[in-house]
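Down below is the structure, laid out as structure tokens.
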Amino acid sequence: MNIKKPDISPILDVRGMTKRFPVGVFTKSKQVYAVEDVSFTVRRGQVVALVGESGSGKTTTIRMVARLIPVTEGKIFFKDEDILKTEPHQASLEYRRKVQLIFQDPFSSLNAVHTIAHHLARPLIIHKKVSGRQAIHEKVCELLETVELKPAAEIAGRYPHQLSGGQRQRVAIARALAVDPELILADEPISMLDVSIRMGVLNLIERLKEERGISFVYITHDLASARYIGDQIMVMYAGHMVEGGESEAVIGRAVHPYTQLLLSAVPNPHAGLRTDKNSKARGEVPSLINPPPGCPFAARCPQVMDACRQAMPEQIVVEAGHWVRCHLFGAGGRTVKTS
Amino acid sequence: MVGLAGESGSGKSTIAHAILRILHPPALITNGQVLFQGEDILEMDEARLEQFRWSKVSIVFQSAMNALNPVMKIRDQLTDVMLNHGLTKEESAKRAVELFNLVGIDPRRLDAYPHQLSGGMRQRAVIAIALALNPPLLIMDEPTTALDVVVQKDILEQISSLREKLGFSILFITHDLSLLVEISTHIAITYAGEIVEHAPARELFENPLHPYTLGLMNSFPSISGSKHKLTGIPGSPPDLVSPPTGCRFHPRCPKAMAVCSQTVPARKQITADHSVSCHLFDQYQ
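Taken in sequence, the protein lines are chains W and L. Take the first sequence: its position 134, counted from the start at 1, is 134 in our numbering, and no numbers get skipped. Add 1000 to a position in the second sequence, counting from 1, and you land on the number used in our numbering.
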């Protein structure tokens, strides 16, 4: 599905991004380690899927990229510009134009008392894309047609409650498109939608990527949809990125025990319910408040070693375009063997 | 284990609630029969119903994580139902420990309050409550929707092994068809309040007949095999206040014919255990 063009420049390059939230009523003595040392790159016209269970730090990661919350540590390069340095306190209007967000819940991300036209006209006016009543109306209709909402003029006059969930999510996408963004951060855009209309929204994202060269960061907990739409997949666990790379490599030749666990848990009608007697990785995501050192998956990992409880392993390349952070690989570990 | 699959608003949960007669007014069951071991549930009086619910059919609700009372210990919520159905204090205390062992929670956690348990454990506790009286039929209304996929798989495995061990039947309601194909023996597909297709799970997966079922099959990306474009189903589910005339799926159906918008298709038996309601199969009896 994706034709690789090797020297496409990165549009977003996140390095060592970390977020800690202080907790505790008066003392703020404890910290939630929400995101730890996360690095990834999004190239122009690519979809990068962040996959993980709830609480793994996916949403926190893109909220930091969108500059909705401050970054505790790390760097964000947007088109080779260190934006935390050039715009240290608040993102510029220009950055907010180029980086747009789509939220999970289309029922609460639109304002119930305003028409669809109002939602789409706001960004056009704020970012001074077009002016004049007639020009705005034309642009709104054009946007609605782009996201396949027809008849556009009629939809524009409606209120959010008159649309279905899928239609609302398309309005949210149109709103993001209004300002010609270069990167769209989509936070579980289909998880609240009915199953029969999910593919329509995913195919729309795919089309925008291909026709307009927009890059996407697609957040999901569903590996199958990540594989369907993602050029790259990054797997997150308890705030850490544990494995990543070209999506076929990550899905087909997963090496991290957590990725393998996730893959074995995806319902697969072709195979029937496989009861993995070997899978000892029971249990749930650990608490992120002052976690012990080492790999966060150590407590559940069936192949845990002493080293795992001491330090988080460095990133190791297992094959071209596929890396992992696991002590099983690299120095001291066993040689790379994919299953 | 029978699976009931459909989108939100397709009437899955309403069917479950109707079986237990726990529909909220103004909802009324206007027509039909629900036969349980030969007895019509809809004909039961209140006293009989009270005795029937939970001892014969119990239910695990969709929001099982919130189905527990936050200010009562799990132990009390578990024994409550048994005491109401005539067990003594000692018997129910013993049974509570038994049940927790059965669903894989340390019985010491019986004295915990719901907020002290994780989502997965709460779900297990709710399943333990449903199994308290050993009912022959368990209705599970989206029991794993709110859970992460790894926990979901754990719980599904547990349910399957409990079913084999204890021999109860399950009516499993979900919107996730790929899940149903994996775990259930028969599947019924609902659309806009009607069952449109009913078949053994394998048969339905390999040979779906109704265009809606086909569309659903085309809505789940796969984790293995070759990658191909999936189309989903165009349009959105209908408003049931004024459902489409004729076949309720016809406005979204790629194979709609003139007759589809006029008459409601009758249910046709294609093979002994595969039935479908669609005009494409009108030549069958």
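Glycine residues also receive a C-beta, built at the ideal position from the N, C-alpha and C atoms.
Between the beta-carbon of residue i and the beta-carbon of residue j, is there less than 7 Å?
i	j	result
W/A34	W/T59	no
W/A49	W/A299	no
W/Q100	W/D187	no
L/T1271	L/G1246	no
L/P1114	L/R1122	yes
L/S1148	W/S54	At residue 1148 of chain L the sequence reads Asp, which differs from the Ser that was named. Contact flag set, yes.
L/I1187	L/A1201	yes
L/E1142	W/S196	no
W/V32	W/F21	yes
L/P1237	L/G1032	no
L/L1179	W/P267	yes
L/I1059	L/I1139	yes
W/I155	W/I116	yes
W/A121	W/P160	no
L/G1232	W/G200	yes
L/T1174	L/E1197	no
W/H152	W/L144	Sequence inspection shows Ala at residue 152 of chain W; the His mentioned does not correspond to that position. In contact: W/A152 and W/L144 (Cβ atoms closer than 7 Å).
According to DSSP, is residue i part of a helix, a strand, or is it coil?
i	result
L/R1109	helix
L/H1017	helix
W/I155	helix
W/E145	helix
W/Y95	helix
L/F1281	helix
W/M17	strand
W/K277	Unreliable positioning characterises W/K277 in this predicted model, as indicated by a pLDDT of 45, which lies under 50. The coordinate reading is nonetheless provided below. Note: W/K277 maps to coil in three-state DSSP.
W/K30	strand
W/D306	helix
W/V336	Unreliable positioning characterises W/V336 in this predicted model, as indicated by a pLDDT of 49, which lies under 50. A coordinate reading is not provided.
W/G165	helix
L/D1040	strand
W/Y129	Before going on, a small fix: residue 129 of chain W reads as Lys here, not Tyr. The answer is coil: DSSP assigns W/K129 none of H, G, I, E or B.
W/P160	helix
W/E314	coil
L/I1270	strand
L/V1259	helix
W/L50	strand
W/R300	coil
W/L68	coil
L/G1011	coil
L/P1251	helix
L/S1275	strand
W/H322	strand
W/G330	coil
W/P123	helix
L/V1081	helix
W/E87	coil
L/D1239	coil
W/L101	strand
Could you tell me which of the options sits nearest to residue i, measuring between CA atoms?
i	options	result
L/K1012	L/T1271, L/I1195, L/S1219	L/I1195
W/L110	W/K129, W/K150, W/G165, W/L68	W/G165
L/P1211	L/P1136, L/A1258, L/S1277, L/N1101	L/S1277
W/P10	W/I69, W/E81, W/E138, W/V25	W/E81
L/R1053	L/L1131, L/L1117, L/Q1062, L/Y1113	L/L1131
W/R43	W/Q303, W/V304, W/F216, W/Q310	W/F216
W/T18	W/F26, W/M64, W/L12	W/M64
L/F1061	L/K1268, L/F1172, L/P1026	L/F1172
W/V341	W/L143, W/A178, W/E94, W/F329	Since the first residue shown for chain W is 1 and the last is 339, residue 341 of chain W is missing from the structure and cannot be characterised.
W/V71	W/S56, W/H89, W/R168	W/H89
W/V340	W/I205, W/F297, W/V47, W/I214	Residue numbering for chain W in the displayed model covers 1 to 339; residue 340 of chain W lies beyond these limits and cannot be assessed.
L/I1105	L/H1085, L/H1175, L/E1090, L/R1075	L/R1075
W/A66	W/I184, W/G200, W/Q310, W/R309	W/I184
W/V317	W/I69, W/G245, W/S92	W/G245
W/R410	W/Q260, W/L177, W/L208, W/H240	Chain W is shown only over 1 to 339; residue 410 of chain W falls outside these bounds and no answer can be derived.
W/L378	W/H127, W/S131, W/H114, W/I126	Residue 378 of chain W cannot be examined here, being either before or after the span of chain W that is shown, 1 to 339.
Quick check on the DSSP output: what are the complete alpha helix (DSSP H) runs of length 4 or more inside the stretch 173-261 of chain W, in order along the chain?
195-212, 223-229, 247-252
Counting only runs of 4+ residues fully inside the stretch 1046-1071 of chain L, write out the alpha helix (DSSP H) ranges in chain order.
1046-1052
If you scan the stretch 1093-1148 of chain L from start to end, which runs of the alpha helix (DSSP H) of 4 or more residues do you find wholly inside it?
1119-1131
Using 8 Å as the threshold, is the stretch 1126-1144 of chain L in touch with the stretch 1095-1114 of chain L, meaning 3 or more CB pairs across them?
yes
Counting only runs that start and end within the stretch 1146-1226 of chain L, where is the beta strand (DSSP E) found for 3 or more residues in a row?
1169-1174, 1186-1191, 1194-1200
Count the CB pairs spanning the stretch 222-236 of chain W and the stretch 302-309 of chain W that are closer than 8 Å, and state whether there are at least three.
Counting Cβ pairs under 8 Å, fewer than three are found: no touch.
Give a yes or no on contact between the stretch 312-323 of chain W and the stretch 244-264 of chain W, applying the rule of three or more CB pairs nearer than 8 Å.
yes
Taking 8 Å as the cut-off, does the stretch 1161-1181 of chain L touch the stretch 1224-1243 of chain L (at least 3 CB pairs, one atom from each stretch)?
no
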